[in-house]
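Working notes, beginning with the structure itself.
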Amino acid sequence: MPIDLENWMSFLDPSVRVIDTYIPGSHDASAYLIGDKDTDIKNDAVGSICQSGSYTAQCNAGSRYFDMRCRWNDGAVTMHHSDYYFQTFKDVLMQLDKFVKAHKGEVLFLDIDFDTNDLGLEQEIMNVLIPTLGESRLATAHVNPSTGEYNTNLTWGELKQANTPFVVIWRRKGSSLPRWAAYADDMRSDDYDDFNEKSPEEILAFLTRQLANWKREKLFLTQLINTPRWSPINPPAEKDYEARDLFNSWVAGYPPGSNLGIVKMDFVNAAYKRGAINHIVQLNKFTSPPELPPLTDPIYYTDKIRLKTAENQYVCLQVVQHPNLCKLTLVDIPNEDCNFLIRDYDYDPRKPFPYSGNLDADTLDCHGNFRMAHLDRRPVNNVGNDYVLSVDTNQGGLIYWGINWGPSDRNETFCLFDPNWLENDGQVYHGSRVMVLAMLHASNNDFAKFWNAVGNAFVGGVPVAGRGLSKALFNSPSNRRFWMVGQDAEGSKRVYAASPGTLVAESFVIEKV
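For our numbering, add 19 to where a residue sits in the sequence shown, where the first one is 1.
Following this line, the structure appears as structure tokens:
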């Protein structure tokens, strides 16, 4: 049975101590491609990318403990890895806040790292943290009130009863700090031994020794990472992939009740991490199994479907000008205007409807492309399913319905992605979670394809740039426009194909009608 990695903490036995729990975590959680081409090329080229998905994607993949590193950059608190910068602190907190609001039983551990000599930076981190998350939602139960150290007797029932989904681990100790700013060294052990210079076998030998000595007086962070020093030959993603079998086997060797604790990993959204994450989660004690019902009802082209957001609202047509032009909005209760017909872009007959699995989808005929028509709203003198959704690039990527199939081009063609495993090209089922990409930049440009093939080989062979730069040049998410939910000038909720990459893309559950 598949594990419900988005909601697995909701199933935890409330009598279990937090310190006896097994938790997947994210090392250098902020170090992912952010959708800015110049930044992404630089960060990837120097080997600073350690994650393949945003905070939202990491949460969806089961991660609950986040290594968060903050610095000043252009006057704002910004996430960093060494001397390279990513999203702002506020941007990532907004992702985490949205996730816990949609997943009521989940608790996130925020291990916030910063220069403790810069009290101005510390104060600004608080100035962003408190209004974004709400101080009443920051846990204090993990702090022993008499000693200030970790409360080893804290249970999940006690922590969740306080309705405080954020456990903050703080870099500096100080009597004037609020109680929720729990001093890191009093809360957890985070042993590290120059892993960037060690082989995977040496890393595992070190971790095995440290875990054997864990007395469960503090939380223990198992740094299951293989991030190397910068190298044009072996960037972090390739090193992590090379160690996958060894690391996965090591995790699988730990049974329930053994020492393992919080396991921090790079690239938690990689497909080869799923087995390890599932095993870590399943080591816990639950009131009922944290399993998803099997997805057994496949969806086909020409089926009628609807899309539900994480907040349980449905994408819906709304007439705003005349019956032939409708914008998309969200409604709480589905109606006929939430039902769409999915058609193969070239009118092929009924066949299985797949995820694309190809983020470089650059042609209209690539795997999984489709268009969305509407059967129940019929334009005058026309058949409804000859009219499809389209993207209005003059209105920021606004999605509307009302263009005829004949003149349809790339603005009317879309493809689906699995938010937890973007490379998934398998079958889509009733109940599958999806992200929707608009084919705005689909192209049959032979010169671009030639440069992609030849230039990729050339740039990959340049020692100064290496494979990291090559990947960033040709795999930048900057031009990938996924569906997201926003507001128009009048304050109405609208759906746009505007998200750069997957960072703020909306995740929908697809339902067969």
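All C-beta atoms in this analysis are idealised placements derived from N, C-alpha and C, irrespective of residue type, glycine included.
Item to check | Opening and closing residue of the alpha helix (DSSP H) in which Thr-75 lies | outcome: As a working note, residue 75 is residue 56 in the sequence shown. Note, Thr-75: alpha helix (DSSP H), 74-79.
Item to check | Identity of the residues DSSP links to Ile-53 by a beta bridge | outcome: Walking along the sequence shown from the start, residue 53 turns up at place 34. DSSP, once it has assigned bridges, lists no residue as partnering Ile-53.
Item to check | C-alpha distance - Leu-31 paired with Gly-81, whole-angstrom precision | outcome: Counting from 1 along the sequence shown, the entry for residue 31 is found at position 12. Counting from 1 along the sequence shown, the entry for residue 81 is found at position 62. Cα to Cα, the separation comes out at about 14 Å.
Item to check | Top-ranked residue by Cα proximity to Ala-508, from Ile-281, Trp-27, Gly-54 and Leu-417 | outcome: Here residue 508 corresponds to residue number 489 of the sequence shown, with the count starting at 1. Answer by Cα proximity: Leu-417.
Next on the checklist: So if DSSP puts Leu-238 in a beta bridge, which residue, or which two residues, is it bridged to?
Outcome noted: Counting from 1 along the sequence shown, the entry for residue 238 is found at position 219. Its beta-bridge partners are Arg-207.
Item to check | Interface flag, Asp-116 vs chain B, CB-CB below 9 Å | outcome: Considering every chain present, this structure includes no chain B. It has just one protein chain.
Checklist entry - Which term fits Ala-491, buried or exposed, when burial requires 16 or more other beta carbons within 10 angstroms of its beta carbon? => result Counting from one through the sequence shown, the residue named residue 491 turns up at place 472. Here Ala-491 scores only 47 on pLDDT, less than 50, and its place in the model should not be relied on; the value that follows carries that caveat. Answer is buried; the Cβ neighbour count reaches 16.
Checklist entry - Grouping DSSP H, G and I as helix and E and B as strand, with all else coil, what is Glu-530? => result Taking the first residue of the sequence shown as position 1, residue 530 is located at position 511. DSSP places Glu-530 in strand when its eight states are reduced to three.
Item to check | Per-residue DSSP class, three states only, for Cys-8 | outcome: Beyond the ends of the chain as shown, which are 20 and 532, falls residue 8; an answer cannot be given.
Next on the checklist: Buried or exposed, going by whether 16 or more other CB atoms sit within 10 Å of the CB of Asp-356?
Outcome noted: Within the sequence shown, residue 356 is the residue found at index 337, counting from 1. Buried, since its Cβ has 16 or more Cβ neighbours within 10 Å.
Next on the checklist: Check whether the stretch 278-295 and the stretch 228-241 touch, using three or more Cβ-Cβ pairs below 8 Å as the test.
Outcome noted: As far as the Cβ criterion goes, the stretch 278-295 touches the stretch 228-241, which means the pair count is three or higher.
Item to check | Distance, Ala-76 Cα to Ala-121 Cα | outcome: Here the question's residue 121 lines up with position 102 in the sequence shown. Here the question's residue 76 lines up with position 57 in the sequence shown. Their backbone Cα atoms lie some 14 Å apart in a straight line.
Next on the checklist: I'd like the ranges of any beta strand (DSSP E) spanning at least 3 consecutive residues and lying wholly in the stretch 121-162.
Outcome noted: 127-132
Checklist entry - Quick one: what's Arg-390 bridged to in DSSP? => result Translated into positions along the sequence shown, residue 390 becomes position 371. Paired residues: Arg-362.
Checklist entry - So what does DSSP say about Gly-176, is it helix, strand or coil? => result As a working mapping, residue 176 is identified with position 157 in the sequence shown. DSSP places Gly-176 in helix when its eight states are reduced to three.
Next on the checklist: Could you check whether Ile-144 and Ile-131 sit closer than 9 Å to each other, using their CB atoms as the reference points?
Outcome noted: Start at 1 with the first residue of the sequence shown, and residue 131 comes out as number 112. Start at 1 with the first residue of the sequence shown, and residue 144 comes out as number 125. A contact, by the Cβ cut-off of 9 Å.
Item to check | For Arg-198, the nearest candidate out of Asn-215, Trp-175, Gly-176 and Asn-170 (CA to CA) | outcome: Within the sequence shown, the letter at position 179 stands for residue 198. Among Asn-215, Trp-175, Gly-176 and Asn-170, the Cα nearest to that of Arg-198 is on Asn-170.
Checklist entry - Within the chosen definition, does the stretch 34-41 reach the stretch 312-323 through at least 3 CB pairs nearer than 8 Å? => result no
Checklist entry - Should the stretch 438-449 be called in touch with the stretch 514-531, which here means at least 3 C-beta pairs below 8 Å? => result yes
Checklist entry - When you compare each of Asn-413, Tyr-419, Arg-390 and Asp-411 to Cys-434 by their alpha carbons, which one comes out closest? => result Within the sequence shown, numbered from 1, the residue matching residue 434 stands at position 415. Selected option, being the one with the closest Cα: Arg-390.
Checklist entry - Mapping DSSP to helix, strand and coil, what is Leu-417? => result Translated into positions along the sequence shown, residue 417 becomes position 398. Collapsing the DSSP output to three states places Leu-417 in a strand.
Checklist entry - Would you report the Cα separation of Tyr-374 and Ile-299, rounded to the nearest angstrom? => result What you label residue 374 is simply residue 355 of the sequence shown in a count that begins at 1. What you label residue 299 is simply residue 280 of the sequence shown in a count that begins at 1. Cα to Cα, the separation comes out at about 27 Å.
Checklist entry - The beta strand (DSSP E) spanning Arg-228 covers which residue range? => result Counting from 1 along the sequence shown, the entry for residue 228 is found at position 209. Here Arg-228 belongs to no beta strand (DSSP E); instead the alpha helix (DSSP H) covers 219-231.
Next on the checklist: Taking the straight line between their C-alpha atoms, what separation do you get for Pro-21 and Asp-93?
Outcome noted: Within the sequence shown, the letter at position 2 stands for residue 21. Within the sequence shown, the letter at position 74 stands for residue 93. Whole-angstrom Cα-Cα distance: 44 Å.
Checklist entry - From Trp-269 to Thr-227, what does the alpha carbon distance come to, in whole angstroms? => result As a position in the sequence shown, residue 269 is number 250, starting the count at 1. As a position in the sequence shown, residue 227 is number 208, starting the count at 1. Taking the straight line from one Cα to the other gives about 9 Å.
Item to check | When Arg-90, Phe-105 and Asp-110 are compared against Asn-136, the one with the closest alpha-carbon | outcome: Counting from 1 along the sequence shown, the entry for residue 136 is found at position 117. Measuring from the Cα of Asn-136, the nearest candidate turns out to be Arg-90.
Checklist entry - Would Phe-105 pass as a contact of Thr-58 if the rule is Cβ separation under 9 Å? => result Locating residue 105 in the sequence shown gives position 86, where the first residue counts as 1. Locating residue 58 in the sequence shown gives position 39, where the first residue counts as 1. Their beta carbons are under 9 Å apart, which means Phe-105 touches Thr-58 by this criterion.
Checklist entry - Do the CB positions of Trp-424 and Lys-346 come within less than 9 Å of each other? => result The residue labelled residue 424 in the question sits at position 405 within the sequence shown. The residue labelled residue 346 in the question sits at position 327 within the sequence shown. No. Outside cutoff.
Checklist entry - Which partner residues of Gln-506 appear in the DSSP bridge assignment? => result Along the sequence shown, one-based indexing puts residue 506 at 487. Paired residues: Lys-512.
Checklist entry - If you draw a straight line from the C-alpha of Arg-191 to the C-alpha of His-99, how long is it? => result In the sequence shown, the residue the question calls residue 191 occupies position 172. In the sequence shown, the residue the question calls residue 99 occupies position 80. Cα to Cα, Arg-191 sits roughly 18 Å from His-99.
Next on the checklist: So, with DSSP's three-state summary, where would you put His-46?
Outcome noted: Numbered from its first residue, the sequence shown carries residue 46 at position 27. The answer is coil: DSSP assigns His-46 none of H, G, I, E or B.
Checklist entry - Using a Cβ-Cβ cut-off of 7 Å (strictly less than) and excluding sequence neighbours within five positions of Val-187, which residues of its own chain qualify? => result Counted from its first residue, the sequence shown places residue 187 at position 168. Contacts found: Leu-129, Ile-131, Leu-157, Trp-199, Ala-200 and Ala-201.
Next on the checklist: Strictly by DSSP, which residues pair up with Leu-456?
Outcome noted: Position 437 of the sequence shown, counted from the first residue, corresponds to residue 456. DSSP lists Cys-434 and Phe-501 as partners of Leu-456.
Next on the checklist: Just verifying my parser: in three-state terms, what is the DSSP assignment at Gln-337?
Outcome noted: For the purposes of this step, residue 337 is taken as residue 318 along the sequence shown, with counting starting at 1. Reduced to three states, the DSSP call for Gln-337 is strand.
Next on the checklist: DSSP three-state label for Asp-411, please.
Outcome noted: Stepping through the sequence shown from its first residue, residue 411 is reached at position 392. In this structure, Asp-411 counts as strand in the three-state DSSP scheme.
Next on the checklist: With distance defined between alpha-carbon atoms, name the residue in Asp-213, Asp-322, Leu-311 and Ala-256 nearest to Ala-290.
Outcome noted: Looking up residue 290 in the sequence shown gives position 271. If we check each option's Cα against that of Ala-290, Ala-256 comes out closest.
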